[in-house]
Amino acid sequence: MRITASHIVEWANTNAKVTQTHLPLWIRRLCFDPDATRQLSFPAGDSTYTPSWDGVLYTEKGNAWVPVGASRWEIGCDQDTRRKANAEYRKRTDQTSEEERRACTFVFVTPRRWMKKSGWVTEQRRKNEWADVRAYDADDLEQWLEQTPAVALQFAEELGLSGWGVVSLSRYWDLWSRQCSPAISFDALFMDRSSVHDDLNKRIQTDSPDPLAIRADSVEEAAAFAVAVVIASGSPQDQALVVTEPVGWRYVEPNPQLRIAITARTETAANPVLRDGLRVIVPYATGDLTSKPKGDELILERPNIYEFEKALIAIGLEESDAKRSALSTGRSWTVFRRQKATNPAIQRPAWLNAPQSASLSLLCLLGAWHADKTADRQVVERLAAHPYEEIERDLRQLAGLDDSPILSIGAVWKAKSPLELLSQFGERITSDQLDRFFAIAREMLSSPDPQLELPDEERWMAQVRRKVHPYSGLLFESVCDSLMKLAVRGPEQGRLQALNIEERVAGLIHELLDGADGQRWLSLASYLPTLAEAAPDAFLQAVEKSLRLPDAPVTRLITETRSSGFEGCCWHAGLLWALETLAWAPNRLARVALILADLSHLQIKGNWGNTPSESLFGLFRSWLPQTAASLTERIKVIDLLISRDEEAAFGVLERIATDGPQTATPASRPKWREDDAGAGHGVTYAEIHEMLAVAKERLFRISKGDAARITSLLNNSILRRREELPKVLVLIEPFTKAAVTDEDREILRTALRKIIHWHRNYDESSTIELDEWLGPVESCYEQLAPQDLVTRHRWLFDNHWLELHRREREEDFNERDNAITQLRTSAITEIYQATGIAGIENLIALCAEPGIIGVTLARVVLNDFSLPEWVATKGEDFIPGTHITWCIGGFLRALSPPVSGELLQNVIALGKQIGWDATKLARFLVLARPERDTWHLAETCGPEVYKAYWEDVRPTHCGNEEDLVFVFERLLEAKRPLTALQYSQHSLKQTPPTLLFSALQKLLQGEEANGPRMESWHLAKMLERLENSGEIEKMDLIQLEFALFPALGHGQEASAATLFAGIMSEPSLFTQLICFLYKPEHGEREEPTETSQAAAERAWKILHACKRLPGIQADGTIDEGVFIQFIDAARELCRHADRSTMGDQTLGQIIAHVPADADGTWPFSPARELLDRPDLEEMRRGFSIGTKNKRGITSRSPWDGGSQERNLAAYYRGQAERVQYTHPYVAALLEGIAKDYEHHGKREDEEANLRKESF
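All residue numbers for the sequence shown refer to the working numbering, where the first residue is 950 and numbers rise by one.
Next comes the structure, spelled out in structure tokens:
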């Protein structure tokens, strides 16, 4: 509808106040020209009451209504237009300097008709007070609006006029975004869509006559996104509009000022106006490929769930509600708008009326399935009671609808928003369909997991061993999710409530878990959180009952959990997440806490972060409790826990009362239930302090009389503070009495010693202040001294580094070491004087570091004690690792060389007298320092002892080079090459290469098969030493590196440089490896032996690790002639060996590592010439394999999709285009690689989309 002057006058008459505040806004929009306006100020709204000009404008290009240059504007809405115009003219003329007036045009605007307007303008111009004077009334505004259609459209909407089949951008956005509560903001809609946002912004700036398509879940959302981008970009809205009906193009066509036309529906763009300077944007639905316009396209994906949650929080949803809404809406703004609609007209989707909508019941119940899985298709057929072909035909029709409720990702069919589908379609589900669904769920969930048939260490290979369910994991998860969905939201549907849906779900879960054996719990381990949320009471009853059974089958989930490494599986994680989910509800907190307390007593193998004790503590953490229970309720549950399981309660309370920085992992939350609403995000400081006070009080109460618990309190940073420590000392006081065991006293004494040590050495308080409050602690420490001297002094020999209960901070290392030595020697002397050597022996047996006792014994003189006799009689067989052997070793190595030598001789003499054999003599000598004197003494004991010594000794350091060589040679003679290599691995420069080579050869011959383990890094360094020495024959080194290659491990293969150089320079060596690895192509084939199989595995590793190229020179360049000669010679030898096919393929894989030419063309010229030979199809196949394999491991964001693969496809296609006219076979090869990467990219896209739907 056209805006007339009468419309404007009527607006002024009926809405005088609105006209006064809004008219400046419309004048501002009419005046603005993005290419010419340099200054623009027209205050509108409340700002119209300021005393400044109604409008200030400067433009470099004017038009019939806008003067060029500077102009000053006054707007009057009074009935007496002439009086208002005169008053404004006179006031502004008096207030404005003559210099400014001479450079400006005065403009007066009124929304009324002014018959004598021309006369007034002429009269003012004659005064020559301004550069020019103009006046516009309603008739002028009508004409002006005709030339600015987008502004006219917005103005018409304010006047209440419509009928053109077009709306303004602001009107369309308001209608779309504000029909739900909370309203959708620009930022929310743009979340996780920045790249599309920026791309669209760039494209609307280009003058392309072709339509630009935007694909989204729904046409409305695509159009709204385009509108939001244009508005948010700051582009002038007077140059853009939305076409809502085909008739709207009649409005667009005669208005060349319009630059952007966004169609509200796909069909509206059937016959659009297309011209230079007009950008037409056409939205269409994702599944509706038939309606896709030709030309450019932007794809508007749904945001990932985390960004969608952020967007929901930003528009006002609480965090837990945001998470549930993100799940329930399927991350779709269209679905969110429908679920939160304030307008009932948009609550019911159009797809409910589709002829094929009956098939939606399948997705409503099953949720998702994989069409490539036969068992999945059979389940769908069974539920639908129709052939799968008919069902899929209906689904494809539904998937093509605007705002379709279903997704098709590769072979997967899935509900976009399962909860909305149930809400919209639940009433149509029949009782027969429900019966069939429950029968299917029962059958699936009661079947044992086939991987449990495998040994624990092989279960990670269940896919390879084909020990998997016939159904897809997707179907399993979706069926469990449907049970939860039906139980939680089904009762909201009248028909489902009448069918007792919640009770049916609970009954099924009771049937599955009540009295279940360990295999059933393991089979359902991954689905326990979902089943628990579906039927909380049935789940808790089943767990509680299982724990009461003699074998407690549910604990198999913990006992079956072992390694946390690559092959490990945390079977119990699902159970813990299930219990955490249920604990959010205050009425279930106590039951969950008691179950977790029971489970916390079981040993967890591996270093898993998911443990029952961790989950239990998380429920009560003072600053982030993972439950909706109030503080009072949490304290009541803690008291219940104390009464039922005091040990578990102590562990929780102790962690609550821990000081210092802490981290927390959020507990599992309900997916559909709202038990966690508003909870779990932190509490007030008052609550934190109250919980800490409760924890401390309960800890003191339940620690009374328990030395281990009191020790834990002393180790707690909060409870050993000055204000709390006296309370702990009260608990300790009874332990100073004689009736208490020495062990309990020493436990407490050790904890007090640490406190005294820290405060005496690191507390910055004054000595007087420290003495005042630390005095009682030190007094208590002294009173706790055990009666038994061994127990009292054992701490001195439990660790090399001691924390003394005195100040020692100012002492240097020697002073401190002397003090500790004095304490130890005094202790040994005191024990010996009181109990004799028996006390020393008792100390040796009980302390943690008996070697320290040996060192101390070397420094004291014990009366009436013969060390040689004691060593000879108490040494037993000098078995390594025993405490007495450890002590004697410390003793012998602490003695000075003369004393040590004399003692060794005396003991050996005594040993011989009492009948020591050669083995025992050698073991005794092994305890002495490994030095020349010891070796000489061993030699003097005879060849048998000497031989046994070198078979047993483990030298720990190298002396001079002469000693190193001597020890190395003796170890080789003793057939201990691994020990010799380990001995020299840090002194390779001093080790003769011939000795290294000899040791490695002996190692390969099987000597010292059970010797110490050698790291591959050290082995690589040894090979480098041999490579660089030049002392080893090339063929000997090749053979050595061939044999040792598997031991080099991943990452050290390059150390076998001579081996790779030989393979790539000697065609016969290359062929030999091919013959090791592959059988002949013709004739009879021999069965592989263990030796030939080992050689084949080694050859495979070598060939696949070979990155060296034939003909490579010292400077890194490749001799082209040598390159081709090697390939041809190797091919000929492989042909004679009847291995042509695999020889060519392997050569192709090696050639894949060639560089590019100087101009960037890849592969380089000699490889292109070779690969373009028509008969080398197998080599080209190998080249393709090698090209893909050399890419190695890739990493990407879970939602990146196949962008990496598309980039690679573009690269290889570009290389193919470079050589398509010179090397057609190579071009076809490269094009094939590009297509393979394109297919790979599509698979990655599908996987990424499935991952998005799974979160």
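Ideal placement from N, C-alpha and C gives every residue a C-beta, glycine not left out.
> Based on Cα-Cα distance, which residue from F2025, Q1771, T1510, T2007 lies nearest to R2057?
Replying inline: Walking along the sequence shown from the start, residue 2057 turns up at place 1108. Answer by Cα proximity: T2007.
> Tell me which same chain residues have a C-beta within less than 7 angstroms of the C-beta of I1458, skipping the five on either side of it?
Replying inline: Against the sequence shown, residue 1458 aligns to sequence position 509. The residues are L1480, A1483, A1484, A1487, F1488.
> If you draw a straight line from the C-alpha of A1577 to the C-alpha of R1618, how long is it?
Replying inline: What you label residue 1577 is simply residue 628 of the sequence shown in a count that begins at 1. What you label residue 1618 is simply residue 669 of the sequence shown in a count that begins at 1. C-alpha separation (whole angstroms): 11 angstroms.
> Does the beta-carbon distance from A1491 to D1463 come in below 7 angstroms?
Replying inline: Counting from 1 along the sequence shown, the entry for residue 1491 is found at position 542. Counting from 1 along the sequence shown, the entry for residue 1463 is found at position 514. Against a cut-off of 7 angstroms, the Cβ pair of D1463 and A1491 comes out as a contact.
> In or out: F1569 buried (at least 16 other Cβ within 10 Å) or exposed?
Replying inline: Position 620 of the sequence shown, counted from the start, is the residue given in the question as residue 1569. Under this definition F1569 is a buried residue.
> Considering only C-alpha positions, which residue in the set K1363, R1974, C1313, A1171 is nearest to E1246?
Replying inline: Counting from one through the sequence shown, the residue named residue 1246 turns up at place 297. When each option's Cα is compared against that of E1246, the closest is A1171.
> Which residues mark the beginning and the end of the alpha helix (DSSP H) in which S1046 is found?
Replying inline: Counting from 1 along the sequence shown, the entry for residue 1046 is found at position 97. From DSSP, S1046 is part of no alpha helix (DSSP H); its letter is neither H nor E.
>> Whether or not the stretch 1117 to 1133 and the stretch 1283 to 1292 are in contact is what I'm after, with contact meaning three or more pairs of Cβ atoms, one per stretch, closer than 8 angstroms; do they touch?
In response: yes
> Does the stretch 1504 to 1514 come close enough to the stretch 1428 to 1441 to have 3 or more Cβ pairs within less than 8 angstroms?
Replying inline: no
> Roughly how far, in whole angstroms, is the beta-carbon of E1957 from the beta-carbon of R1925, given that I think they are within contact range, below 8 angstroms?
Replying inline: Numbered from its first residue, the sequence shown carries residue 1957 at position 1008. Numbered from its first residue, the sequence shown carries residue 1925 at position 976. That pair is a contact at about 5 angstroms.
> Since L1332 contacts Q1382 with CB under 8 angstroms, what's their CB separation in whole angstroms?
Replying inline: Working through the sequence shown from its first residue, we reach residue 1332 at position 383. Working through the sequence shown from its first residue, we reach residue 1382 at position 433. With a Cβ gap of about 7 angstroms, L1332 and Q1382 count as contacting.
>> Looking only at its chain, what residues have a beta carbon closer than 7 angstroms to the beta carbon of D1321, apart from the 5 residues adjacent to it on each side?
In response: Here residue 1321 refers to the residue found at position 372 of the sequence shown. Within the same chain, D1321 has close Cβ partners A1360.
> Identify the residues that DSSP records as bridge partners of C1053: which are they?
Replying inline: For the purposes of this step, residue 1053 is taken as residue 104 along the sequence shown, with counting starting at 1. BP columns for C1053 point to A1019.
> In three-state DSSP terms, what is C1129?
Replying inline: Residue mapping note: residue 1129 aligns to position 180 of the sequence shown, counting from 1. In the structure shown, C1129 sits in a strand (DSSP, three-state: E or B).
>> Let's test the definition: count the other Cβ atoms within 10 Å of the Cβ of M1064 and tell me whether it reaches 16, buried, or not, exposed.
In response: In the sequence shown, counting from the first residue as 1, residue 1064 sits at position 115. Exposed, by the Cβ-count rule.
> How many Å lie between W1520 and A1474 at the Cα?
Replying inline: Here the question's residue 1520 lines up with position 571 in the sequence shown. Here the question's residue 1474 lines up with position 525 in the sequence shown. Their backbone Cα atoms lie some 6 angstroms apart in a straight line.
>> Just list the residues that DSSP pairs V1437 with in beta bridges.
In response: For the purposes of this step, residue 1437 is taken as residue 488 along the sequence shown, with counting starting at 1. Bridge partners of V1437: none, in fact.
> What separation, rounded to the nearest whole angstrom, lies between the Cα atoms of S1652 and L1590?
Replying inline: Sequence index remark: in the sequence shown, residue 1652 carries index 703 (1-based). Sequence index remark: in the sequence shown, residue 1590 carries index 641 (1-based). Those two C-alpha atoms are separated by around 15 angstroms.
> Okay, do the stretch 1798 to 1814 and the stretch 1755 to 1763 touch, 3+ Cβ pairs below 8 angstroms being the bar?
Replying inline: no
>> So, at 8 angstroms on beta carbons, what are the nonlocal neighbours of E1267 in its own chain, with the 5 sequence-adjacent residues on each side left out?
In response: Walking along the sequence shown from the start, residue 1267 turns up at place 318. Closer than 8 angstroms at the Cβ level, and outside the excluded window around E1267, lie A1626, G1627.
> Between the stretch 1347 to 1357 and the stretch 1395 to 1403, do three or more beta carbon pairs fall short of 8 angstroms?
Replying inline: no
> Which residues bound the beta strand (DSSP E) around E1246?
Replying inline: Taking the first residue of the sequence shown as position 1, residue 1246 is located at position 297. Run containing E1246: 1246 to 1248, per the beta strand (DSSP E) assignment.
> Does DSSP put W1899 in a helix, a strand or coil?
Replying inline: Taking the first residue of the sequence shown as position 1, residue 1899 is located at position 950. Helix at W1899.
> Shortest alpha-carbon distance to T1928 belongs to which of T1805, H1967, K2184, E1441?
Replying inline: For the purposes of this step, residue 1928 is identified with residue 979 of the sequence shown, where counting begins at 1. That would be H1967, whose Cα lies nearest to the Cα of T1928.
> Quick one: Cα of E1258 to Cα of I1153, how far?
Replying inline: Locating residue 1258 in the sequence shown gives position 309, where the first residue counts as 1. Locating residue 1153 in the sequence shown gives position 204, where the first residue counts as 1. Spanning the two alpha carbons is a distance of roughly 30 angstroms.
> Given a threshold of 16 other Cβ atoms within 10 Å of its Cβ, counted over all protein chains shown, does M1971 qualify as buried or as exposed?
Replying inline: For the purposes of this step, residue 1971 is taken as the residue at position 1022 of the sequence shown. Buried, because 16 or more other Cβ atoms sit within 10 Å of the Cβ of M1971.
> With V1178 and A1189 assumed to form a contact (beta carbons below 8 angstroms), what rounded beta-carbon distance in angstroms separates them?
Replying inline: Within the sequence shown, numbered from 1, the residue matching residue 1178 stands at position 229. Within the sequence shown, numbered from 1, the residue matching residue 1189 stands at position 240. Actually they are not in contact, since the Cβ atoms of V1178 and A1189 sit about 11 angstroms apart, beyond 8 angstroms.
> Among residues of its own chain, excluding the 5 on either side of R1062, which ones have a beta-carbon nearer than 7 angstroms to its beta-carbon?
Replying inline: Within the sequence shown, the letter at position 113 stands for residue 1062. If we look at R1062 and ignore the five residues flanking it on each side, its Cβ neighbours are A954, V958, D1086, A1087, D1088.
>> Between the alpha carbons of A1794 and V1739, how many angstroms are there, rounded?
In response: As a first step, residue 1794 is located in the sequence shown; it is residue number 845 there, counting from the start. As a first step, residue 1739 is located in the sequence shown; it is residue number 790 there, counting from the start. C-alpha separation (whole angstroms): 10 angstroms.
>> Is it buried or exposed, K2184, if we count other Cβ atoms within 10 angstroms and call 16 or more buried?
In response: Reading the sequence shown from its first residue, position 1235 is the one you call residue 2184. Classification for K2184: exposed.
> Are Q1575 and G1523 close, meaning C-beta to C-beta below 7 angstroms?
Replying inline: Counting from one through the sequence shown, the residue named residue 1575 turns up at place 626. Counting from one through the sequence shown, the residue named residue 1523 turns up at place 574. Not a contact, by the Cβ cut-off of 7 angstroms.
> What is the C-beta distance between G2131 and G2097, in whole angstroms, given that I count them as a contact (C-beta under 8 angstroms)?
Replying inline: Translated into the one-based positions of the sequence shown, residue 2131 becomes position 1182. Translated into the one-based positions of the sequence shown, residue 2097 becomes position 1148. Yes, G2131 and G2097 are in contact; Cβ-Cβ is about 3 angstroms, under 8 angstroms.
> Cα-Cα, which of H1749, P1942, D1901 is closest to G1979?
Replying inline: Counting from 1 along the sequence shown, the entry for residue 1979 is found at position 1030. Per the Cα distances, P1942.
> Who are W1362's beta bridge partners in DSSP?
Replying inline: Position 413 of the sequence shown holds residue 1362. Its beta-bridge partners are W1318, S1357.
> Straight-line CA distance for E2036 to F2025?
Replying inline: The residue given as residue 2036 occupies position 1087 in the sequence shown. The residue given as residue 2025 occupies position 1076 in the sequence shown. Taking the straight line from one Cα to the other gives about 13 angstroms.
> Does DSSP classify S1571 as helix, strand or coil?
Replying inline: The sequence position of residue 1571 within the sequence shown is 622, counting from 1. Coil at S1571, not helix or strand.
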